[in-house]
Amino acid sequence: MALPDDPEDADPGLARERTRLAWARTSIAFAAVGAAMLRKELIPGLIVLAATPLVYAAGRFASHTPRGRPRPRRLLVVTVTVTLVAALAVVAAFLGHGPTSLRQLLHV
Amino acid sequence: MTDSGDGHSDRESRASAAPGAPAAPGAQDAPGTPAAPGAQDAPGAETEPDARFTLANERTFLAWNRTALALIVAGLGIVQLLPPFPGVPWGRHALGVPLIVLGAGVAVTAYVEWQRTQVAMRRGVAIPRSVLPQILAATITGVAVLSAAVLLVSALR
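Quick note, the sequences are listed as chains A and B, same order.
Using our numbering, you'd call the opening residue of the first sequence number 167 and step up by one each time.
Using our numbering, you'd call the opening residue of the second sequence number 23 and step up by one each time.
Written out as structure tokens, the structure reads:
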């Protein structure tokens, strides 16, 4: 039997593994963002750090229903968490840096 | 042996039943992708694509979300870690907050496009073109121009 053109025709598990690694990268990115935020904002940083295992777990969660339909909720976890991080970042940008930056902003 | 007329109509009905369905070789080997029952009887029916296409779509979504996170962190870093621009007290917010908002926008758009792509693959039609590269390029250009403006104003004061 000749080898298939695409090695994944013989082993589709490679795509699955790449996807698992992509989920791992994404959760590591959350961990890095949370650690970076901790420097200036304790509470938002902790919230983002807490999202890290959540995102990783979403990646490990069964990606398909038994009938083969993807479950969009797992991806919504990521979207909602990134949006939450953005909201925290905006709040931190305006309030977190102490009253000076806010006062400076309003005086212009 | 069937006569030519019957064979022809049979082939036609079969062709219309699965219009351009993405039937990759080895699809039946992939675990977790059972063929949707009854999909080949109804014309224009929705069939789950090969698991590999679904997985690639998911990876694209995740990659855009990491991009979104990077934009948010860049924006937050500009606001909180940069020293203030002399003479331009609003400069850091003007540069950082759009990046953070863009990050949230990219995350939401990535989800919408993931869903659109999944529906297109399920129907076997062309995958719609992504608007994310344009959004990203336009906003980054805007932020670059704004940075130049802030730096100029700061230098002239």
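Note that the Cβ used here is the ideal one computed from N, Cα and C, for glycine as well.
Only a predicted model underlies this, so the values are computations on that prediction, with no experimental measurement involved.
Can you check whether the CB of residue j is closer than 8 Å to the CB of residue i?
i: A252 of chain A; j: G125 of chain B; result: yes
i: G118 of chain B; j: L98 of chain B; result: yes
i: R81 of chain B; j: I100 of chain B; result: no
i: L241 of chain A; j: F83 of chain B; result: yes
i: V165 of chain B; j: L121 of chain B; result: yes
i: V244 of chain A; j: N87 of chain B; result: yes
i: L204 of chain A; j: T247 of chain A; result: no
i: T185 of chain A; j: L77 of chain B; result: yes
i: V134 of chain B; j: V175 of chain B; result: no
i: A132 of chain B; j: L154 of chain B; result: yes
i: I162 of chain B; j: A255 of chain A; result: no
i: Q140 of chain B; j: K206 of chain A; result: no
i: A85 of chain B; j: A188 of chain A; result: yes
Quickly, what does DSSP pair residue i with across the bridge? List them, please.
i: F107 of chain B; result: B:V110
CB-CB under 7 Å to residue i, same chain, minus the five flanking residues each way: which ones, in chain order?
i: A197 of chain A; result: L215 and T218
i: A148 of chain B; result: A142
i: F227 of chain A; result: R240
i: D175 of chain A; result: none
i: A116 of chain B; result: L168 and V172
If I measure Cβ to Cβ from residue i and keep anything under 8 Å in the same chain, skipping five residues before and after, which residues do I get?
i: P44 of chain B; result: A caution first: P44 of chain B carries a pLDDT of 43, below 50, which makes its placement in the model unreliable, though a value can still be read off. P71, D72, F75, M143 and G146.
i: G54 of chain B; result: The predicted model places G54 of chain B with a pLDDT of 42, which falls under 50 and marks its position as unreliable; any figure quoted below should be read in that light. Result list for G54 of chain B: A73, in chain order.
i: S193 of chain A; result: T218, P219, V221, Y222 and G225
i: A190 of chain A; result: Y222 and G225
i: P106 of chain B; result: G113 and R114
i: A259 of chain A; result: none
Counting only the same chain and skipping the five closest in sequence on each side, list residues whose C-beta sits under 6 Å from that of residue i.
i: A46 of chain B; result: Annotation note: pLDDT 42 at A46 of chain B (below 50); position unreliable, coordinate value reported separately. Within the same chain, A46 of chain B has close Cβ partners D72.
i: G200 of chain A; result: G211, V214 and L215
i: A129 of chain B; result: N87 and A90
i: L104 of chain B; result: R114
i: S152 of chain B; result: E135
i: R138 of chain B; result: P150
i: D172 of chain A; result: none
i: R179 of chain B; result: G109
i: T249 of chain A; result: none
i: A170 of chain B; result: none
i: L208 of chain A; result: none
i: A202 of chain A; result: none
i: A92 of chain B; result: none
If we require 4 or more residues per run, which alpha helix (DSSP H) segments fall completely within the region 90-149 of chain B? 113-145
In the region 181-207 of chain A, which residue ranges form an unbroken beta strand (DSSP E) of at least 3 residues, counting only runs that do not cross its ends? none
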